[in-house]
Amino acid sequence: MLEVLKVICFVTALICFVLFFVPGRFQKYLGIAAWSALVAGFLCMLPELMFHEGNVFYPVLIILCLPLLYITIRRLLAENEPVKNFTRGAGVAAIIYAPFAIFEPLGNWLIGTVVYWVQQFFHLIDYPFKMAAWNMFESLWLIPGFDHGYRDVIVLGCTGITAIAILIGVIFLTQTSWKKKLGLILLVAVPIYVVNIFRNVFVIMAYFGQWFPWLENIVTHPTIPGFASYFWSHNVMCEGGAFLLIILIAFLMFKFAPGLISSIRDIVDVYVTDVKALVRKR
Numbered sequence: 089m090l091e092v093l094k095v096i097c098f099v100t101a102l103i104c105f106v107l108f109f110v111p112g113r114f115q116k117y118l119g120i121a122a123w124s125a126l127v128a129g130f131l132c133m134l135p136e137l138m139f140h141e142g143n144v145f146y147p148v149l150i151i152l153c154l155p156l157l158y159i160t161i162r163r164l165l166a167e168n169e170p171v172k173n174f175t176r177g178a179g180v181a182a183i184i185y186a187p188f189a190i191f192e193p194l195g196n197w198l199i200g201t202v203v204y205w206v207q208q209f210f211h212l213i214d215y216p217f218k219m220a221a222w223n224m225f226e227s228l229w230l231i232p233g234f235d236h237g238y239r240d241v242i243v244l245g246c247t248g249i250t251a252i253a254i255l256i257g258v259i260f261l262t263q264t265s266w267k268k269k270l271g272l273i274l275l276v277a278v279p280i281y282v283v284n285i286f287r288n289v290f291v292i293m294a295y296f297g298q299w300f301p302w303l304e305n306i307v308t309h310p311t312i313p314g315f316a317s318y319f320w321s322h323n324v325m326c327e328g329g330a331f332l333l334i335i336l337i338a339f340l341m342f343k344f345a346p347g348l349i350s351s352i353r354d355i356v357d358v359y360v361t362d363v364k365a366l367v368r369k370r
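Under my numbering, the first residue of the sequence shown is numbered 89, with each subsequent residue one higher.
Right, dumping it as structure tokens:
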């Protein structure tokens with residue numbers, strides 16, 4: 089049920105973001121509908137992120153989106169230009185990301201490319217593994233007490249498409265030539281995709297080899313044996329590393345497109361001012 093609702097929300101968000109690019113008296117309402125549907129779709133993902141993947145970082149971000157959604161709605165109703173610009177950037181990100189999330193064959197194709205390159209790297213270093221499914225890696229050694237090895241599934245979130253879409257949306261916050269936009273898109277997409285391949289390699293090897301069994305009596309999962317190593321490698325080390333990579337790429341983007349800094353500053357100022365106002369009211 090939640091999966092169907094999530095798809096409905098994301099499709100609605102995509103349609104509204106696309107229509108937002110058409111000027112008119114309904115533009116602000118389309119922006120509000122787009123943001124509301126997007127956040128609702130993320131809320132539908134909370135149970136999967138928290139209980140299936142054991143992820144803490146993304147659920148916290150999703151919860152923090154709620155007061156920001158309120159601010160966005162207020163500012164769109166007031167025709168605030170920085171927030172309208174922010175919505176256009178989010179629309180670009182949604183247009184890039186949504187097709188992979190909504191259309192399963194397209195998403196599976198992207199997942200398949202990641203699976204292929206991870207397999208090729210394992211063959212290169214002669215690392216033992218087998219495929220339990222087209223996108224599921226399995227260790228050759230058995231888990232103690234089980235009749236199968238450790239398993240790791242490559243899903244859409246493992247492809248880097250989310251970060252790529254968001255940063256491309258950021259690129260469109262400022263007016264630059266299409267030639268410069270294309271260069272910035274390559275600056276974003278290529279490093280994230282390549283580093284993401286090695287992120288998956290690291291997580292699989294760390295989990296299969298049980299490299300980080302820290303606090304394994306506390307960091308547990310009802311359906312994932314040896315979850316501690318997965319948690320520390322995927323949810324802590326790689327999430328932290330991805331955050332640092334995005335900061336580095338953002339720094340390079342600002343260097344090649346200085347106009348981005350002022351555009352982002354205008355947007356941040358709006359939200360900081362409104363968050364401070366909300367805190368003072370309390």
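For each residue, glycine too, the CB sits at the ideal point set by N, CA and C.
Quick one: measure Cβ to Cβ for residue i and residue j, integer angstroms, because I've assumed they're closer than 8 Å.
i: isoleucine 259; j: lysine 269; result: 6 Å
i: asparagine 323; j: valine 206; result: Not quite, the Cβ-Cβ distance comes to about 19 Å (not below 8 Å), so this is no contact.
i: leucine 255; j: valine 276; result: 4 Å
i: alanine 345; j: leucine 272; result: 6 Å
i: phenylalanine 188; j: leucine 244; result: 6 Å
i: phenylalanine 290; j: serine 321; result: 6 Å
i: asparagine 173; j: isoleucine 349; result: The pair is not a contact, with the Cβ atoms about 14 Å apart (cut-off 8 Å).
i: alanine 221; j: phenylalanine 98; result: Contact doesn't hold; Cβ gap of about 25 Å is too wide.
i: phenylalanine 209; j: phenylalanine 217; result: Going by Cβ atoms, the distance from phenylalanine 209 to phenylalanine 217 rounds to 11 Å, so no, they are not a contact pair.
Do residue i and residue j have their CB atoms nearer than 8 Å?
i: valine 358; j: arginine 163; result: yes
i: threonine 394; j: phenylalanine 114; result: A query on residue 394 cannot be resolved here, the shown segment of the chain reaching from 89 to 370 and no further.
i: threonine 262; j: glycine 347; result: yes
i: proline 170; j: leucine 366; result: no
i: threonine 250; j: leucine 198; result: no
i: phenylalanine 130; j: cysteine 104; result: no
i: phenylalanine 286; j: alanine 294; result: no
Would you say residue i faces chain C, with C-beta separation under 8 Å as the test?
i: isoleucine 213; result: The structure shown contains no chain C; it holds only a single protein chain.
Which of the three DSSP states is assigned to residue i in this structure?
i: methionine 89; result: coil
i: tryptophan 302; result: coil
i: tryptophan 222; result: coil
i: isoleucine 235; result: Checking the sequence, you will find aspartate at residue 235 rather than isoleucine. Correct three-state label for aspartate 235: coil.
i: leucine 228; result: strand
i: aspartate 214; result: coil
i: valine 243; result: coil
i: alanine 122; result: helix
i: glutamine 263; result: coil
i: leucine 367; result: Reading the sequence as shown, one finds valine at residue 367 and not leucine. Note: valine 367 maps to helix in three-state DSSP.
i: alanine 345; result: coil
i: glycine 328; result: helix
i: glycine 179; result: helix
i: phenylalanine 69; result: In the structure displayed, the chain extends from 89 to 370; residue 69 sits before or after that span and is not available.
i: methionine 133; result: coil
i: histidine 309; result: coil
i: glutamate 192; result: helix
Figure out for me which residue from the options has the closest Cα to the Cα of residue i.
i: valine 278; options: Glu167, Val202, Ala316 and Ser265; result: Val202
i: aspartate 362; options: Leu131, Leu157 and Ile242; result: Leu157
i: histidine 236; options: Val110, Glu226, Ile352 and Leu152; result: Glu226
i: alanine 101; options: Pro301, Glu91 and Ser124; result: Ser124
i: valine 95; options: Lys116, Val110 and Leu126; result: Leu126
i: leucine 165; options: Gly200, Gly119 and Ile184; result: Gly119
i: isoleucine 292; options: Glu304, Leu274 and Ala316; result: Ala316
i: isoleucine 280; options: Gly314, Leu332, Pro193 and Pro301; result: Leu332
i: isoleucine 337; options: Phe319, Ile252, Glu91 and Cys326; result: Ile252
Legend entry - At least 3 beta-carbon pairs within less than 8 Å: the stretch 310-320 vs the stretch 333-342: no
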